[in-house]
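All remarks here apply to the structure that follows.
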Amino acid sequence: MTDYVLVLDSGTTSTRAIAFDLRGAVAAVAQRPLTQHYPRPGWVEHDASEIRDRTLACMHEVARKVGAANIAAIGITNQRETVVAWDRQSGEPLARAIVWQDRRTAEFCTGLKEAGHEPAVQRTTGLLLDPYFSATKMRWLLDNDGQVRAAARAGRLAFGTVESWLLYHLTGGAHMTDASNASRTLLLPLDAPHFDSGLCDLFGVPLGALPEVIDTHGALAETTLLGTATPIAGLAGDQQAATVGQGCFAFGETKATYGTGAFVLTNKGGEVPHSDHRLLGTVLMQRGGERTYALEGSVFVAGSLIQWLRDSLGIISSASETEALARSVADSGGVTIVPALSGLGAPHWLAQARGVIAGLSFASGRAQMARAALEAMAHQTHDLADAFAADNAGWTGLRIDGGMSANDWMAQDLADMLEMPVERPDMVETTALGAAILAAVGGGLFGSLEDAVHAMRGTVRTFEPHMSEQVRVERLQRWEKALAAV
Numbered sequence: 001m002t003d004y005v006l007v008l009d010s011g012t013t014s015t016r017a018i019a020f021d022l023r024g025a026v027a028a029v030a031q032r033p034l035t036q037h038y039p040r041p042g043w044v045e046h047d048a049s050e051i052r053d054r055t056l057a058c059m060h061e062v063a064r065k066v067g068a069a070n071i072a073a074i075g076i077t078n079q080r081e082t083v084v085a086w087d088r089q090s091g092e093p094l095a096r097a098i099v100w101q102d103r104r105t106a107e108f109c110t111g112l113k114e115a116g117h118e119p120a121v122q123r124t125t126g127l128l129l130d131p132y133f134s135a136t137k138m139r140w141l142l143d144n145d146g147q148v149r150a151a152a153r154a155g156r157l158a159f160g161t162v163e164s165w166l167l168y169h170l171t172g173g174a175h176m177t178d179a180s181n182a183s184r185t186l187l188l189p190l191d192a193p194h195f196d197s198g199l200c201d202l203f204g205v206p207l208g209a210l211p212e213v214i215d216t217h218g219a220l221a222e223t224t225l226l227g228t229a230t231p232i233a234g235l236a237g238d239q240q241a242a243t244v245g246q247g248c249f250a251f252g253e254t255k256a257t258y259g260t261g262a263f264v265l266t267n268k269g270g271e272v273p274h275s276d277h278r279l280l281g282t283v284l285m286q287r288g289g290e291r292t293y294a295l296e297g298s299v300f301v302a303g304s305l306i307q308w309l310r311d312s313l314g315i316i317s318s319a320s321e322t323e324a325l326a327r328s329v330a331d332s333g334g335v336t337i338v339p340a341l342s343g344l345g346a347p348h349w350l351a352q353a354r355g356v357i358a359g360l361s362f363a364s365g366r367a368q369m370a371r372a373a374l375e376a377m378a379h380q381t382h383d384l385a386d387a388f389a390a391d392n393a394g395w396t397g398l399r400i401d402g403g404m405s406a407n408d409w410m411a412q413d414l415a416d417m418l419e420m421p422v423e424r425p426d427m428v429e430t431t432a433l434g435a436a437i438l439a440a441v442g443g444g445l446f447g448s449l450e451d452a453v454h455a456m457r458g459t460v461r462t463f464e465p466h467m468s469e470q471v472r473v474e475r476l477q478r479w480e481k482a483l484a485a486v
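In the UniProt record's numbering, the protein residues as written are 1 to 486.
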């Protein structure tokens with residue numbers, strides 16, 4: 001019998017199940033797309049039933065491939081901040097899920113800021129008042145959806161993020177969330193074990209609709225959907241899971257994930273993080289109630305910019321074309337893209353910002369646009385590096401992952417613009433690997449996270465900087481000029 005860890009990885013554009021062996025090798029994968037709904041500009045929604053049904057379909061497909069009896073533990077990782085509202089009795093969603101990218105609550109956030117609430121909220125939760133986070137999405141559903149309001153009045157409303165929604169169905173009705181996801185809601189004090197009634201009152205969210213906050217790894221729950229009682233032993237938001245997958249367990253170690261958005265986390269150990277430069281404090285992981293924290297910078301648009309070039313502009317037919325196009329020209333021809341297609345995240349936090357393409361000329365073509373899009377990843381990351389350094393959390397190196405990081409040109413450009421080594425593992429899908437590591441340790445298959453990473457992470461490649469200072473400075477000057485125009 002071979003032990004496998006089954007990971008349910010529910011992302012923004014797709015959901016999948018992956019079986020890892022205890023060496024970190026992928027034994028089986030099943031994936032399904034998720035439909036993106038854009039009912040109005042700035043609004044992004046998912047069908048929660050589709051998330052559930054397609055995730056469970058992937059789970060069963062992978063279980064058939066490796067044998068359900070061989071699955072020793074299950075881990076779950078998910079798109080964070082996305083809010084699902086469902087009926088506790090029927091288990092069915094009451095409205096479409098509001099996705100983390102959604103900006104419909106910008107005006108509500110502005111009102112809270114103008115009322116002076118942001119400093120206290122940031123001190124307590126580590127977060128800023130931005131539509132990105134879950135609480136204002138919950139409030140919007142209560143204000144604007146009759147079914148959600150009726151369920152709340154009847155005491156039947158359940159609010160949760162995606163892992164909570166999946167857990168409910170995997171366990172037959174348990175209403176739980178892990179501490180890493182709970183710390184993204186604006187409703188959890190970083191140093192408190194449970195959601196806070198005062199924060200719930202501020203945002204107008206009923207405390208009774210929220211799940212129980214539990215650890216990220218350990219004996220958390222179990223499911224019988226695979227025919228036997230299978231432990232669910234690891235839970236984490238996607239960016240925290242990727243940080244685990246990169247082995248960032250020492251204070252100061254930093255990773256950046258380039259997927260739909262881009263997310264940088266620096267391990268802060270047991271120190272509750274505070275930022276004076278609009279970075280975020282978050283729970284990295286929790287076991288036995290004891291927390292490890294991280295400082296985070298979140299960029300809203302990364303891989304979704306490449307998707308936009310492909311699907312909306314038709315400049316490329318596949319994301320993989322961008323590397324060859326970037327290499328085909330000496331530079332971007334002066335083209336600079338500020339990808340504020342759904343506002344700007346850290347360290348700017350401009351919810352109403354819109355994208356800018358600057359420096360166009362008749363010489364600008366597909367190659368220049370593709371190169372400028374990839375350059376925008378390094379520009380945004382450089383802004384984050386400056387903010388982290390100003391918060392006394394400067395980076396000495398960066399570990400990268402996510403689908404975009406497979407692009408060698410982009411990885412080298414990051415090293416050049418950051419002036420530091422950039423390390424990329426062979427397994428760039430470290431979000432799923434991190435969930436597998438948490439579940440493997442939580443399920444007792446390894447004695448420690450360090451042991452699991454040593455066994456499962458695999459080899460890495462390092463990109464060293466070699467760009468001239470003149471070129472780097474000129475790039476940053478063009479970026480600052482374009483940024484001023486958003």
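Each residue gets a CB set at the ideal place from its N, CA and C atoms; glycine is no exception.
Predicted, not measured: the structure shown is a model, and the values here were computed from it.
| Check | Outcome |
| --- | --- |
| Delimiting residues of the alpha helix (DSSP H) encompassing Ser342 | Neither: Ser342 is in no alpha helix (DSSP H) and is coded neither H nor E. |
| Of the residues Gln470, Asp383, Cys200, Asp191, the one placed nearest Gly270, counting alpha carbons only | Asp191 |
| Distance, Gly289 Cα to Pro193 Cα | 7 Å |
| Beta-carbon gap between Ile74 and Pro211 smaller than 8 Å | no |
| Top-ranked residue by Cα proximity to Gly11, from Val441, Gly443, Leu445, Thr431 | Thr431 |
| Cut-off 7 Å between Cβ atoms - residues of its own chain near Ala372, not counting five sequence neighbours on either side | Ser332, Val335, Thr336, Ile337 |
| As assigned by DSSP and simplified to three states, the class of Thr125 | helix |
| 8 Å Cβ cutoff met for Leu284 and Thr254 | no |
| Whole-number beta carbon distance between Ala256 and Ile400, since they are thought to touch under 8 Å | 5 Å |
| At least three beta-carbon pairs within less than 8 Å, the stretch 214 to 222 to the stretch 176 to 185 | yes |
| Beta-carbon proximity of Ala435 to Val7, cut-off 8 Å | yes |
| Distance between Glu50 and Cys58 (C-alpha atoms, nearest Å) | 12 Å |
| Residues that His466 bridges to, as DSSP identifies them | Answer by DSSP bridge pairing: none, since His466 is not bridged. |
| Helix, strand or coil at Gln31 [DSSP, three-state] | strand |
| Between the CA atoms of Arg327 and Val99 - distance to the nearest angstrom | 35 Å |
| 8 Å Cβ cutoff met for Ala351 and His277 | no |
| Beta-carbon spacing of Thr77, Cys109 below 8 Å | no |
| Arg80 vs Gln286 beta-carbon contact at 8 Å | no |
| Reduced DSSP secondary structure (H/G/I, E/B, other) of His175 | coil |
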